[in-house]
Amino acid sequence: MPSDRLLQLTYLAEHSHFWFRGFRQYVKLAITRATAGAAHPRILDCGCGTGSNLEILGAYGEAVGFDLTRTGVAFARTHGHRVVQASIGDIPFPDASFDFVTCFDVIQSLPDDVERQAMAEMRRVLKPGGWLLVHTAALQLLSGRHSVLSQEVRRYSRPRLRSVVEAGGFQIERLTYAHASLLPILLPLRAWHRMTSAGDVAAGEAEITVPWAPINAVLSALVSIEALALRVVDMPLGSSLMCLARKAPAES
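Take 2 as the starting number for the sequence shown in this note's numbering and just add one per residue.
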């Protein structure tokens with residue numbers, strides 16, 4: 002479970018930090034595809050954190066969310082979002098009640114049994130033919146101080162995420178790495194975290210803090226260019242993975 006401290010830092014950073022800028026640009030492509038043709042889709046954000054992603058989702062339909070933490074729920078409600086406190090392993094909504102379910106950077110912090118429960122629960126609350134969008138941390142070699150702060154259990158490879166999503170009963174429509182443009186920075190940085198930790202990496206807040214404005218501007222431009230590329234190609238590697246999948250239109 003992400004810490005209250007991480008949520009507080011996210012709240013301060015997510016509207017201007019380069020990572021979030023890139024994330025918002027490329028996930029909108031998947032959101033548009035998942036909601037195309039639906040007059041007013043019902044959307045659920047699982048593990049909504051501060052609720053900022055509900056602002057994006059609300060432009061596409063009726064968006065509600067839940068978070069495990071009181072801090073996340075409080076932040077989200079402050080901005081007028083409809084959220085409840087709940088676990089992704091026990092989603093408090095009826096069967097087949099949503100057209101589109103999202104799960105942004107949550108499953109990497111779930112124990113294996115809860116990971117399986119989460120997939121089953123997200124499938125349960127989706128209508129037949131409904132869409133699922135999962136975004137998660139990628140590549141175990143990128144584990145570092147931010148991973149400790151985020152309380153990551155694992156980081157995913159493309160085969161691992163494919164296996165988890167398909168085992169959950171979904172048909173994958175797109176599976177791609179993202180934030181590939183940040184790898185030249187993150188690879189040596191995270192390796193240094195591990196090399197200097199003497200086997201015990203400490204939590205670090207630097208990566209969730211908005212950098213000096215000129216650096217933030219350059220990195221924002223970099224991830225924006227990558228977001229444009231993701232319109233037409235999948236990335237072979239990256240610090241994140243994005244999976245768009247679908248529940249079968251008709252089920253017995």
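All C-beta atoms in this analysis are idealised placements derived from N, C-alpha and C, irrespective of residue type, glycine included. In this text, all values refer to a predicted model and were calculated from it rather than measured experimentally.
Limits of the beta strand (DSSP E) - the one that residue i falls within
i    : result
P129 : 127-138
Y157 : Neither: Y157 is in no beta strand (DSSP E) and is coded neither H nor E.
D5   : Run containing D5: none in the beta strand (DSSP E); it sits in the alpha helix (DSSP H), 5-14.
T103 : 99-105
Start-to-end residues for the alpha helix (DSSP H) that takes in residue i
i    : result
Y61  : Looking at the DSSP string, Y61 is not in any alpha helix (DSSP H), and its letter there is neither H nor E.
Q86  : That residue, Q86, is in no alpha helix (DSSP H); its beta strand (DSSP E) goes 84-86.
R219 : According to the sequence shown, residue 219 is Val rather than Arg. From DSSP, the alpha helix (DSSP H) with V219 extends over 214-230.
R150 : Just to set this straight, residue 150 is Leu in the shown sequence, not Arg. Run containing L150: 146-150, per the alpha helix (DSSP H) assignment.
V28  : 19-36
Residue i versus residue j - alpha carbon distance
i    : j    : result
R191 : G145 : 5 Å
Y255 : L231 : In the structure as shown, the chain begins at 2 and stops at 253. Residue 255 is therefore absent and cannot be evaluated.
N217 : V154 : 29 Å
H180 : E15  : 16 Å
G50  : A77  : 7 Å
E174 : L183 : 25 Å
E206 : G130 : 40 Å
T177 : H80  : 31 Å
F171 : G90  : 17 Å
V233 : E227 : 10 Å
G73  : D5   : 8 Å
L143 : R156 : 8 Å
A31  : G23  : 13 Å
K248 : T197 : 45 Å
A39  : G169 : 24 Å
D100 : G59  : 13 Å
T33  : P42  : 11 Å
I186 : A97  : 42 Å
T70  : G52  : 12 Å
R124 : D106 : 18 Å
M2   : G48  : Note that M2 has pLDDT 46, beneath the 50 cutoff, so the model's placement of it is unreliable and the number below is only indicative. M2 and G48: Cα-Cα distance of roughly 10 Å.
A121 : I92  : 10 Å
A1   : W213 : The structure shown has nothing for residue 1, since the chain only spans 2 to 253.
Q109 : P215 : 31 Å
S148 : P112 : 15 Å
I158 : A119 : In the sequence under discussion, the amino acid at residue 158 is Ser, which differs from the Ile named in the question. Their backbone Cα atoms lie some 18 Å apart in a straight line.
A138 : L150 : 13 Å
G239 : I57  : 23 Å
S17  : L229 : 19 Å
E167 : L220 : 34 Å
V115 : R25  : 27 Å
P189 : R195 : 10 Å
S164 : W132 : 17 Å
S253 : R161 : The predicted position of S253 is uncertain, since its pLDDT is 43 and thus under 50; a value taken from the coordinates is nonetheless stated next. Rounded to the nearest angstrom, the two C-alpha atoms are 27 Å apart.
The ligand COA heavy atom lying under 6 Å from the CB of residue i
i    : result
L176 : Of the ligands one can find in the structure shown there are none, so the ligand COA has no counterpart to examine.
Which residues DSSP lists as bridging residue i, in chain order
i    : result
Q172 : R247
C47  : F67
L184 : Looking at the DSSP assignment, L184 forms no beta bridge with any residue, so it has no partner.
Y178 : M236, L242
D91  : S88
Should the stretch 6-15 be called in touch with the stretch 58-66, which here means at least 3 C-beta pairs below 8 Å?
no
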